[in-house]
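What follows is one structure encoded as structure tokens, with my remarks underneath.
Protein chains: 2
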Amino acid sequence: MASSPRVDYLVLTLDVLDLDRQTTFWCEAFGYKHQGGVAQYHSLGDPADKMPKLLLQRVPEAKAAKNRLHIDFHVADVDAEAARIEALGATRVARREEFGLHWVTMQDPEGNEFCLVVS
Amino acid sequence: MASSPRVDYLVLTLDVLDLDRQTTFWCEAFGYKHQGGVAQYHSLGDPADKMPKLLLQRVPEAKAAKNRLHIDFHVADVDAEAARIEALGATRVARREEFGLHWVTMQDPEGNEFCLVVS
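Just so you know, the sequences run in chain order A and B. Under this note's numbering, the residue at position 27 of the first sequence is numbered 25, and the numbers go up by one with no gaps. Under this note's numbering, the residue at position 81 of the second sequence is numbered 79, and the numbers go up by one with no gaps.
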């Protein structure tokens, strides 16, 4: 019998071109705090501890295709958050209703997809 | 003054070609449980509640480039987990030591990158 998975926790790592700009965007957009870093990495944490840590990793190449993994941020007011985050440099891509839920698909300043959805 | 971010929680969404195969892999590899689904979606949850929910979403297109967002799974024994997860259909891509940490980079059966790192 195979042994059981033993995952203690997870961290999300996002490739970025502009480490400082993306640090500012992700902190202002989602409430992360820049907690430290070394070399090409910046570590962002959620003071409320409701979201996993986010590690921004500077890479030389730009985004070339849709990410197959993305984050859905659940928020109380999708339209208000979409407008606020758009003003920080994100782009609104699509809006849809599906299975009774209201979604807004957006891209961060480097084109990484994320969604806003009602909690 | 801009209002503050109001994120309640996040969910991770992964695009997949083979919904059933990827459901089995992600559950066996990381301890998620298939908790339900509708249409092209399967919702996977962590019974220990240490990881965010994972929503697998069937899409028509295959992976075309490195994902710019990936998950780092922190585990007690990286080599044991890498061997166990490889036997479930993942591929080991690289192994490195960086800043005193031991990382293994892997790909799931559809080529999605993830890392194993010591807790």
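Cβ atoms here follow ideal geometry from the backbone N, Cα and C, with glycine treated the same way. Remember, predicted model here, so these are calculated numbers, not experimental data.
Boundaries (first-last residue) of the alpha helix (DSSP H) holding residue i
i, result
"Q38 of chain A", "Note, Q38 of chain A: premise wrong, no alpha helix (DSSP H); not H, not E."
"D106 of chain A", "Segment: none, D106 of chain A is in no alpha helix (DSSP H) and carries neither H nor E."
Rounded separation between residue i and residue j - CA only
i, j, result
"T11 of chain A", "Q105 of chain B", "15 Å"
"P45 of chain A", "K61 of chain B", "34 Å"
"M(-1) of chain A", "F23 of chain A", "At M(-1) of chain A, the pLDDT of 41 sits below 50, so the modelled position is not reliable and the matter cannot be decided from this model."
"R19 of chain A", "F112 of chain B", "25 Å"
"N65 of chain B", "L15 of chain B", "15 Å"
"H40 of chain A", "H32 of chain A", "7 Å"
"A63 of chain B", "P107 of chain B", "15 Å"
"L52 of chain B", "A81 of chain A", "26 Å"
"T21 of chain B", "E84 of chain B", "16 Å"
"D47 of chain B", "E59 of chain B", "31 Å"
"Q38 of chain B", "A92 of chain A", "19 Å"
"G34 of chain B", "G43 of chain B", "9 Å"
"C25 of chain B", "E79 of chain A", "32 Å"
Residue i and residue j closer than 8 Å at C-beta
i, j, result
"L114 of chain A", "L54 of chain A", "no"
"W101 of chain B", "R94 of chain B", "yes"
"L67 of chain B", "N110 of chain A", "yes"
"P50 of chain B", "A27 of chain A", "no"
"D70 of chain B", "L8 of chain A", "yes"
"V76 of chain B", "V116 of chain B", "yes"
"G87 of chain A", "V5 of chain B", "no"
"F97 of chain B", "V36 of chain A", "yes"
Run of the beta strand (DSSP E) containing residue i, from where it starts to where it stops
i, result
"L86 of chain B", "Here L86 of chain B belongs to no beta strand (DSSP E), and DSSP marks it neither H nor E."
"L17 of chain B", "L17 of chain B -> not in any beta strand (DSSP E); alpha helix (DSSP H) instead, spanning 17 to 28."
"V14 of chain A", "5 to 14"
"R56 of chain B", "52 to 56"
Assigned secondary structure, residue i (DSSP; H/G/I helix, E/B strand, else coil)
i, result
"D75 of chain A", "coil"
"A80 of chain B", "helix"
"M(-1) of chain B", "Confidence at M(-1) of chain B is low in this model, with a pLDDT of 41, below 50, so its placement is unreliable and no value can be given for it."
"G95 of chain A", "According to the sequence displayed, residue 95 of chain A carries Glu and not Gly. Strand, per DSSP."
"D44 of chain A", "coil"
"K64 of chain B", "coil"
Cross-chain neighbours of residue i in chain D, by beta carbon under 9 Å
i, result
"G29 of chain B", "Reference to chain D is not applicable here, since the protein chains of this structure are A and B."
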